[in-house]
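Residue numbering for the sequence shown follows the numbering used here, starting at 751 and increasing by one per position. Note that CB positions come from ideal geometry on N, CA and C, so glycine has one too. Remarks on the structure that follows.
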Amino acid sequence: MATLESLVAQIQGLSSSAGDLSLLLTHLKQADEFLHNESTRLLPFLEQLDPTLHSLGYLYILEACTSWPVTNEQARRLVLILSRFLTSCVADQIRLAPEKFIAVCKSFKDQVLMLEAPIRGVVPLLEAVKKLRSSEHLTTLHPDFLQLCLLAKCYKTGLSILEDDIFEVDQPRDFYLYCYYGGMICIGQKRFQKALELLHNVVTAPMSSINAIAVEAFKKYVLVSLIYNGQQFSTSLPKYTSSAAQRNLKTICQPYIELANTYSIGKISELESYIQTNREKFDSDNNLGLVKQVVSSMYKRNIQRLTQTYLTLSLQDIANTVQLSSPKEAEMHVLQMIQDGEIYATINQRDGMVRFLEDPEQYKTCEMIEHIDSSIQRIMTLSKKLTAMDELISCDPLYLAKVGRERQRFDFDDFDPVPQKFNI
751 MATLESLVAQ
761 IQGLSSSAGD
771 LSLLLTHLKQ
781 ADEFLHNEST
791 RLLPFLEQLD
801 PTLHSLGYLY
811 ILEACTSWPV
821 TNEQARRLVL
831 ILSRFLTSCV
841 ADQIRLAPEK
851 FIAVCKSFKD
861 QVLMLEAPIR
871 GVVPLLEAVK
881 KLRSSEHLTT
891 LHPDFLQLCL
901 LAKCYKTGLS
911 ILEDDIFEVD
921 QPRDFYLYCY
931 YGGMICIGQK
941 RFQKALELLH
951 NVVTAPMSSI
961 NAIAVEAFKK
971 YVLVSLIYNG
981 QQFSTSLPKY
991 TSSAAQRNLK
1001 TICQPYIELA
1011 NTYSIGKISE
1021 LESYIQTNRE
1031 KFDSDNNLGL
1041 VKQVVSSMYK
1051 RNIQRLTQTY
1061 LTLSLQDIAN
1071 TVQLSSPKEA
1081 EMHVLQMIQD
1091 GEIYATINQR
1101 DGMVRFLEDP
1111 EQYKTCEMIE
1121 HIDSSIQRIM
1131 TLSKKLTAMD
1141 ELISCDPLYL
1151 AKVGRERQRF
1161 DFDDFDPVPQ
1171 KFNI
């Protein structure tokens, strides 16, 4: 019967080459039940192994150690060991046992949450995501990493994986959580366009029944749409949205639909009155901060509308027109909009006049040409992937069988047209 000492010796001796690792993996699979039975005695043996050299064996022992509930005191010790392993392990070795690696990572996330220290898990889990995934692949660790980024308020770190294109997904639920958490991170960074894209993916994703993730995503989707698109936002969902979402989301999220309808009227007083009436509802949903940004966005929309009519306008006139309390407040809004690139204008501090300008971008700089070329290349790459995916699906036996069952037994086009007259 294998002993812990002999297993450690095998790990030390069979971690150098691909052939040895394949043999070691076989031994570890055979010893998996034994390791779980001995889980309380395993931690001291980890000191004999180097996570950078013996990653596969280290992983199996760690997974057995973390497969049972742990106390806070045990978690403090394990978090240090797990952090070191996740940041230093070798990707080629841990990919031989991805299920074990995912289990260890999820246990690590649970332990840092137990210790109420999510920031301690951000960097190790980011390294784990990088080592586990292949290009354009959404792993089950992506949403866990984004959740830690949210709780630790490390929004910029979370953005580092949101820029990647995703074409492969392990589990649909992982995709929902990834887009929802990603949308919240983008909101935290005021990247509203990206947030809107991610939340839109959650709301329109296929679903047989409504779920809590979709409901919460729809609430934020409405608010972010108002902030980013203003009165151009439509409460109607796209045709490809699932029937479950079409039937239930608007009913469940009625206060948010009414908020959008009130916003479309364009009157600040009515919008603020409606928000005050439903303040408790928005607050209980943890969306009151976003709702306040919706009010701010209406001021911006009204100021933008003035740029289409006037070349110059006083700060007092702007304050009166958009219902701001003072010229100083109007100046702050205009300055913020200039900084964000939402309008082009100059302010004469002496006489309090604002001069609205045309967009200075001439679309002929090297940077703009590179940006346009990059966008074209990305679209061409996406087009090729869609074509390849369409060809793959059209040849899939399961798809062809489903289409065959749903097709009518005889199509009109299967018959040759019968002439009405014969010329003899």
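- Secondary structure of residue 1071 (DSSP, three-state): helix.
- Annotation: the stretch 856 to 941 contains no complete segment of the beta strand (DSSP E) (minimum length 3 residues).
- Straight through space, the alpha carbons of residue 861 and residue 819 are spaced by roughly 10 Å.
- Contact check for residue 1063 and residue 1081: beta-carbon distance about 12 Å, past the 8 Å limit, so the pair fails to qualify.
- Assigned with DSSP and collapsed to three states, residue 1104 falls in strand.
- The Cβ-Cβ distance between residue 881 and residue 827 does not fall below 9 Å.
- Using a Cβ distance threshold of 9 Å, residue 816 and residue 852 do not count as a contacting pair.
- Residue 1037 carries a coil assignment under DSSP once its states are collapsed to helix, strand and coil.
- Given a length threshold of 4 residues, each whole run of the alpha helix (DSSP H) inside the stretch 762 to 835 is given here in chain order: 768 to 780, 782 to 787, 793 to 796 and 805 to 815.
- Nearest C-alpha to residue 841 among 1022, 997, 756 and 768: 768.
- For the set 1130, 1015, 1053 and 963, the Cα lying nearest the Cα of residue 1106 is the one of 1053.
- In this structure the stretch 1036 to 1055 touches the stretch 1067 to 1084; the number of beta carbon pairs closer than 8 Å is three or more.
- Counting only the Cα atoms, residue 1009 lies some 9 Å from residue 1041.
- When the five nearest sequence neighbours on each side are left out, the beta carbons in the same chain lying within less than 6 Å of the beta carbon of residue 948 are those of 929, 932 and 933, in order along the chain.
- Considering only 797, 824, 903 and 837, the residue with the shortest C-alpha distance to residue 811 is 797.
- Note that the C-beta distance between residue 969 and residue 1037 is below 9 Å.
- Counted as a single uninterrupted DSSP element, the beta strand (DSSP E) harbouring residue 1098 occupies residues 1095 to 1098.
- Only residues of its own chain outside the window of five on either side were considered, and among them 764 have a CB closer than 7 Å to the CB of residue 773, listed in chain order.
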